[in-house]
Amino acid sequence: MKIFRLANAELGKLLHRPAIYIMTAFLALALVITAFTFNPQSKSDNLTNFGTPTGSVSEAFAIFNSSTTATDSKHQLETALNSVYQDIQAFSTSESEHQNLLDSAKSVNALLTTGNANSLPEILYAFINSPTTTNRTALNNVLEATNESIRNQALRVYNYCAGLSHLNNIDYYATTSEINEIETVFLNLASAIPVNIETLSNEQIVETSENLRTSFNLSPTISKIEGFKKITIPSETITKITTDYYDNIKYQEGSDTLLTNLFEKIENFAHINGASTEKADKTELNKLITEYKNATYIAISLMQNSFNLEKAGDYSNAELKKYIGFSNYNLYNINEQITLNQHLLDKEMFHGEYRTNLNFGVLSGAEPSAYDFAFYAVQILGIIIAIFCMFFAVSITSGEFQNGTIKMVATRPYTRRKLISGKHLACYQFMGIFLLFVSIASLAIGIAMNGFTFTSHILVFNADTVLTLPDFVVFLIYLASLALNIIFYISIAFLLSTIFRSSTFALFATFLIYFFGVLFNAIASASSWLIYTPFAHLDLFKYLGNASASNGFLAINITTGANFVVSTLVLLGIIFAVQTATKIIFNKRDIA
Amino acid sequence: MEKKTEKNEKSVLRVVNLTKQYGSRNAIDRINFSIKKGEIFGFVGANGAGKSTTMKIITGLAEATSGDVFIDGKRLSNNFEKCIAQVGSMIETPLFYPYLTGFQNLKYFAKLSGSYKRSRIIEIANLVGLTGRLHEKVQNYSLGMKQRLGIAQSLLHNPKLLILDEPTNGLDANGIREIKNFLVRLAKQKGVSIMISSHILAIMESLCDTICIIDKGKIVETKTIDEIKKSCNRFGTHFIRTSKPNFAGMIIQDKFNTKARIAGDKVLFETTEKQLPNIIVELTHNKIPIYSVSEINYSLEDIYLDVIGTDNAV
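Okay, structure coming up:
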């Protein structure tokens with residue numbers, strides 16, 4: 000095909016330029032430096048550590064079983080599980096707090112509003128109409144009581160609101176500013192109420208009372224409070240969560256729950272091998288205890304996350320962020336964790352030896368793999384390759400305009416569209432060759448480091464599907480997502496080169512956009528408008544995640560409320576739009 | 000639907016009402032001409048007259064505001080690839096990849112055109128006189144060498160139509176002569192149609208079959224060389240040099256019924272080849288000394304300046 004001919008010719012020219020050799024040498028050097036700086040921390044198997052070097056298995060078991068202070072002891076684990084359960088239960092019963100708030104506010108309002116025989120205005124008018132000493136005394140008494148009551152109620156509401164901003168467990172959706180507003184109103188009210196009534200003259204009393212009556216119309220505030228949307232979770236749902244992840248799991252002697260069964264295994268082992276002081280036996284004991292521990296934490300995570308998910312209701316991530324108690328919610332991650340942990344629970348995978356997410360230089364899980372270094376290297380060198388590709392794209396477009404050879408090329412039998420498509424293709428081939436080179440080289444280094452060891456990964460796709468994939472498949476998927484990411488920037492480079500005939504400007508603008516994209520992770524948060532830009536969708540690999548740790552230095556951690564399909568469509572859509580614009584502009588413009 | 004006249008069928012290039020507007024200015028305005036097979040067509044005009052613009056449109060470098068270009072009967076805008084495959088061009092200064100040698104540059108362009116043959120490149124390099132320096136990097140080439148390379152690249156794919164913008168630019172006298180001979184051979188022996196633009200009229204005069212004069216974006220005149228020469232018989236076809244010009248002039252006018260013009264010691268008059276000997280005899284008979292008898296050669300420059308007008312100040 001003609002486009003391939005163009006692309007191959009373009010690449011062929013490259014071989015005569017010293018730049019390509021410099022780039023390759025630079026990349027090789029970077030790879031070597033990366034190899035030296037690769038220092039993976041072997042994540043421990045997370046094994047518990049019961050027992051002393053010289054002690055017996057039964058001693059170790061005893062500590063686990065009876066200690067109330069030792070970390071990961073049975074007691075501690077039960078407490079941890081229990082406390083989450085209690086929190087959830089507490090939620091159901093805390094619904095009255097809202098009502099209390101409302102009642103307090105309403106009673107204050109009643110005391111300040113006309114129409115109520117005991118209200119301040121009524122008593123006041125009675126006094127004004129007939130300012131006798133008797134009435135004054137009566138007024139004093141009532142005022143004192145009333146004022147006391149108003150003050151107390153106001154302070155009560157104020158205290159409640161003040162406390163709210165510190166709580167994580169609240170039972171309705173309210174923003175911080177709303178709570179602060181209410182807080183302020185009641186604080187002002189409480190301050191406005193005089194503490195010592197007797198010292199005031201009649202006039203002062205009248206003035207104060209009028210002031211209270213006219214300045215504090217609490218109706219809007221009460222509407223606001225009434226308008227708060229309640230966090231509702233049907234009690235059946237709560238019951239299901241607690242049944243699934245607490246009742247069916249917690250340790251209960253004589254029952255058939257998960258933790259009971261796991262405990263029995265520990266107990267039996269300790270029974271059989273109690274006398275042994277062998278390290279191997281103690282390790283084996285600890286492995287069983289670790290399973291118990293992991294199972295507990297899986298249950299805790301499932302309970303907590305399921306509950307959190309319910310609390311989030313129908314709101315999206317962006318909407319949730321503004322409400323008190325929801326500021327660090329990440330719905331995608333919550334779903335991801337639930338999916339993963341449910342899988343582990345169902346498959347009874349409590350040993351923790353499965354490989355967790357591919358981290359930036361951190362080795363996790365028990366076994367190293369030849370691909371560890373490859374993942375690490377490609378993440379770093381991918382940046383360099385991306386920059387090289389942008390250079391290449393700009394030089395074969397703007398560069399060709401600047402040195403005038405575009406004239407000679409445009410008079411060959413190719414339509415303008417084919418010309419620019421050929422250049423795109425050349426750039427993709429360029430990228431592919433470098434990626435291949437880096438992949439193979441880094442894999443070779445990985446093999447040199449860790450031997451021919453390979454493993455598989457448990458990953459959650461799109462927060463709802465668990466996949467167990469071998470190393471090389473994950474690696475290929477990562478390469479594909481990286482390639483698509485780079486293609487995005489290549490497309491932009493071509494567009495800018497076609498619009499601006501100056502290489503320097505096009506290059507500068509492209510780099511600016513690129514570095515913005517790289518830093519996007521750090522500067523954007525899920526509630527800002529930035530999540531609607533294409534930058535939030537550039538890294539498709541983040542949809543193949545694992546809930547336990549961050550997705551690496553360069554992947555984007557924020558969630559946009561999008562899923563894999565949405566991000567893919569956005570990314571492909573933008574690439575298509577940019578390339579179409581490039582083709583149109585290149586087609587129309589006069590050369591020379 | 001165009002009428003298929005004999006001329007249409009035979010023309011390798013046909014330009015119809017071509018107009019190119021830049022802003023409010025018409026760089027070229029309703030240009031019409033056609034080139035036959037094997038014809039060498041000269042495009043003559045001042046700087047900025049519209050020569051390059053026309054050539055850029057024909058080669059697809061620029062888009063016309065209106066009008067059409069037909070190459071070998073096919074409309075360029077609809078069949079760009081097929082049309083341009085027949086065209087070899089060198090527009091303005093030819094530019095190459097400086098980090099490649101002349102050979103590598105030609106190889107690149109040949110590959111783009113779909114047919115790379117080492118022997119062909121060497122052959123063309125010989126034709127344009129670049130053999131010795133072919134394997135040096137282009138950044139070390141002189142202007143003349145780049146010009147030769149430019150012509151070479153236009154020939155790589157055996158085009159039917161050559162569009163050359165100032166092909167003799169930067170060449171020395173030898174080089175110019177070589178290129179001229181080479182182009183004539185191409186046209187007459189291989190039947191390649193050539194469109195050349197230049198403002199060195201002397202070269203055009205001796206090289207082209209047809210001259211097209213363009214001024215301020217419009218075509219002023221399109222004539223074959225013969226037609227030009229024939230139409231410029233203002234002052235006659237022949238002249239003699241004599242010491243008695245007035246007397247000679249009188250005799251010629253009276254006896255041969257033709258206007259004679261005196262310019263210094265020259266007498267200019269119009270006559271045929273048959274009649275000329277009679278005039279000479281008559282003059283000699285009248286004892287008028289004749290020092291030389293010649294045909295009047297009108298240079299293209301004369302014609303051009305005449306056509307464009309003397310107030311064509313740039």
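Protein chains in written order, with numbering that gives the first Met the number 0: chain A, 0 to 591; chain B, 0 to 313.
C-beta atoms are modelled at their ideal positions from N, C-alpha and C, and glycine is treated no differently.
* Going straight from the alpha carbon of residue 16/B to that of residue 67/B, what length do you get? -> 7 Å
* What does a CB cutoff of less than 7 Å around residue 577/A pick up in its chain, not counting 5 residues either side in sequence? -> 490, 491, 494
* Asked: What is the rounded straight-line gap between the Cα of residue 10/B and the Cα of residue 211/B?
  -> 16 Å
* Asked: Do you know offhand how far residue 225/A's Cα is from residue 324/A's?
  -> 19 Å
* Asked: Under a Cβ-count criterion, where at least 16 other Cβ atoms within 10 Å of its own Cβ denotes burial, should residue 0/A be classed as buried or exposed?
  -> exposed
* Asked: For a contact meaning CB atoms closer than 7 Å, what does residue 475/A contact in chain B?
  -> Near residue 475/A there are no residues of chain B at all, since even the closest Cβ is about 33 Å away, more than 7 Å.
* Asked: Excluding five sequence neighbours on each side, which residues of the same chain lie with their C-beta closer than 8 Å to the C-beta of residue 285/A?
  -> 46, 47, 48, 49, 50, 59
* Going along the region 130 to 155 of chain B in order, which residues come within less than 7 Å of chain A, judged by CB to CB distance? -> 152
* Asked: Shorter than 8 Å from the beta carbon of residue 192/B to some beta carbon of chain A?
  -> no
* Asked: DSSP puts residue 196/B in a beta bridge; with which residues?
  -> 42/B, 164/B
* Asked: So what does DSSP say about residue 156/B, is it helix, strand or coil?
  -> coil
* Asked: Hey, residue 145/B and residue 93/B: beta-carbon distance below 8 Å or not?
  -> yes
* Within 10 angstroms of its Cβ, does residue 439/A collect 16 or more other Cβ (buried), or is it exposed? -> exposed
* **Residues, ordered as in the chain, of the region 44 to 68 of chain B that lie near chain A by beta-carbon distance below 7 Å** => 55, 58, 59, 60, 61, 62
* In its own chain, which residues sit with a C-beta less than 6 Å from the C-beta of residue 155/A, not counting the 5 before and 5 after it? -> 103
* Asked: Using 8 Å as the limit for Cβ to Cβ distance, is residue 411/A near chain B?
  -> yes
* **Chain-order list of residues whose beta-carbon lies under 6 Å from that of residue 216/B (same chain, five-residue window excluded)** => 25, 26, 27, 28, 49
* **Proximity below 8 Å, CB of residue 26/A to CB of residue 377/A** => no
* Asked: Where does residue 122/B land, buried or exposed, given buried means 16+ other C-beta within 10 angstroms?
  -> exposed
* residue 498/A: first and last residue of the uninterrupted alpha helix (DSSP H) it sits in -> 470 to 498
* **the region 94 to 101 of chain B / the region 155 to 174 of chain B touching (three or more Cβ pairs under 8 Å)** => no
* Can you tell me where the alpha helix (DSSP H) with residue 222/B in it begins and where it stops? -> Per DSSP, residue 222/B belongs to no alpha helix (DSSP H); it is in the beta strand (DSSP E), 217 to 223.
* Asked: Would the beta-carbon of residue 249/B fall within 8 Å of that of residue 42/B?
  -> no
* Asked: Since residue 628/A meets chain B, which of its residues come closer than 9 Å, beta carbon to beta carbon?
  -> Lying outside 0 to 591, the shown extent of chain A, residue 628/A is not represented and no answer is given.
* Does DSSP classify residue 451/A as helix, strand or coil? -> coil
* Buried versus exposed, by CB contacts within 10 Å (16 or more), residue 396/A -> buried
* To do: For chain B, find out if any of its Cβ atoms is closer than 8 Å to the Cβ of residue 12/A; answer yes or no.
  => yes
* **Outcome for residue 21/B when other beta-carbon atoms lying within 10 angstroms are tallied against a minimum of 16** => exposed
* Consider the Cβ of residue 83/B: report whether some Cβ of chain A lies at a distance smaller than 8 Å. => yes
* Paired residues, beta bridge with residue 464/A - DSSP -> 460/A
* Per DSSP, which one or two residues make a beta bridge with residue 322/A? -> 174/A
* Asked: Leaving out the 5 sequence neighbours to the left and right, which residues in its chain are closer than 7 Å to residue 398/A when beta-carbon positions are compared?
  -> 502
* Boundaries (first-last residue) of the alpha helix (DSSP H) holding residue 280/A -> 278 to 311
* To do: Just the C-alpha distance for residue 381/A and residue 508/A, rounded to the nearest angstrom, thanks.
  => 20 Å
* To do: Check whether the Cβ atoms of residue 254/B and residue 268/B lie closer than 8 Å to each other.
  => no
* **9 Å Cβ cut-off: residues of chain B touching residue 448/A** => Here the premise fails: no neighbours, minimum Cβ distance about 39 Å.
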